[in-house]
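For the sequence shown, my numbering begins at 19 and goes up steadily by one. The C-beta atom is built at its ideal place from N, Cα and C for all residues, glycine as well. Nothing here was measured: the structure is a model prediction, and the numbers come from that model.
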Amino acid sequence: MSKEIVVSGIRSTGFLHIGNYFGAIHNYLKMQNDYNCFFFVADYHALTTHPDPKELKPNVYRVVAEYIASGLDTNKVALYAQSDIPEIPELYLMFNMMAYKGELEKVPTFKDKVRQHPDNVNAGLLTYPVLMAADILIHKAAKVPVGKDQEQHLEMARNFAQRFNNRYGELFPEPQVFRSDARTVKIMSLDGNGKMSKSENANAAIFLSDEDDVIRKKIMKAKTDAGPTEPDSKMPEYIQNIFLLMNLVSSSETINSYQTAYNNCNIRYGDMKKQLAEDMIAFIKPIRERAVELQQDEAQIRKILHEGAQKARISASKTIAEARKKIGINYY
Ligand code: TYM
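In structure tokens, the structure reads:
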């Protein structure tokens, strides 16, 4: 039986953090052996917020380096830049004919952007989910590993697939979200304010590129409180998040000892954060060092992107030929 197809991507808008790692990359690593995987850098999506042209290439290269340093194996997956696959914007244009202004305006991520950048409400931002649907459906993906914040976009991809199929005949599957661990779909910010994010509060996000001391400082500043006063109390979300991070990078004995201390109301968050910082450093350091090394080898990154684009275009050109035919664009 042929392997199921998987697609996912990360925008090249800044440094990757442990939310991106545990919400997305961690799943890519689990999937790369058993699925036919297409992973990419969403550089067109990054254009919605007008990055400086000088920064685009280093940003894209850094995401590639961080993907590889995290453990993506280009012998197993196609790893490419979105803008290297011209079939994606072609499919995006086709889906745009089936995407309605009203539904696009209601998307929460669009409303957030309008609030953040009222002076830059461009059509690319409005049609962001349409481009994302094209990214996914250009390879007819069955599974898409993403964090919680992308679930609505995925639902829209299913809608566009259905609409195309209803209008022109069966072509696209309805892609489903993939997750191996329900706890990691939303890693909270260390200040307890919503999800960890690339742009919102850099001091409350741990980046894969952070130096050891920076990681220590950020974790020591993470929001905690005076601790529980009743045995077996329910944890506030920001404390749950610290336990979750510990679960992801520390040994089970360590976690169990802090869990017991919490339940017995004698937990010392200062000690817990110190321990978490050291375990987080042990986790991030090899990724950071490998990524720095790779970024210095531009020839290698160029080769990875070139080969990845060639692989991805084989499947993309097949889908776009089928889509054109279904629509009736086959004139000679
Ligand atoms: P982006 O670049 O914002 O985020 C990349 C991935 O990281 C996940 N993520 C998180 N997961 C858990 N906790 C967090 N705090 C956290 N922050 C981010 C995101 O859910 C995502 O999986 N639109 C996408 C990029 C994209 C894409 C696609 C993804 C473009 N086309 C097609 C999948 C398929 C985005 O902005 O991701």
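| Asked | Found |
| --- | --- |
| Mapping the DSSP letters down to three states, classify Val310 as helix, strand or coil. | helix |
| Excluding the 5 residues preceding and the 5 following Ile273 in the sequence, name in chain order all residues of the same chain whose CB lies nearer than 8 Å to its CB. | Phe261, Met264 and Asn265 |
| Between the alpha carbons of Pro193 and His63, how many angstroms are there, rounded? | 20 Å |
| Tell me the DSSP bridge mates of Ile23? | Asn54 |
| Run the CB neighbour count on Asn138, radius 10 Å, all protein chains shown included, and call it buried at 16 or more, exposed below. | exposed |
| Going by DSSP, what residue range makes up the alpha helix (DSSP H) through Val148? | Tyr146 to Leu155 |
| Arg97 bridges to which residues according to DSSP? | A small fix is needed here, since residue 97 is Leu in this sequence, not Arg. Bridge partners of Leu97: Phe57. |
| Spell out the partners DSSP gives Pro354 in its beta bridges. | With the chain covering only 19 through 350, there is no way to say anything about residue 354. |
| Flag this pair as yes or no: are the beta carbons of Phe57 and Leu97 separated by less than 7 Å? | yes |
| Quick check on this structure: which residue in Gln180, Ser207, Lys21 and Cys55 has the alpha carbon closest to the alpha carbon of Tyr256? | Ser207 |
| When you measure from the CB of Arg29 to every non-hydrogen atom of the ligand TYM, does any distance come out below 6 Å? | yes |
| In whole angstroms, what separates the C-alpha of Phe178 from that of Lys252? | 42 Å |
| Could you check where the alpha helix (DSSP H) with Glu123 kicks off and where it finishes? | Lys119 to Glu123 |
| At the level of alpha carbons, what is the spacing between Ser275 and Pro304? | 27 Å |
| Taking the C-alpha atoms as reference points, what is the distance between Ile86 and Thr92? | 8 Å |
| Three Cβ pairs or more, each shorter than 8 Å: is that satisfied between the segment 334-345 and the segment 152-167? | yes |
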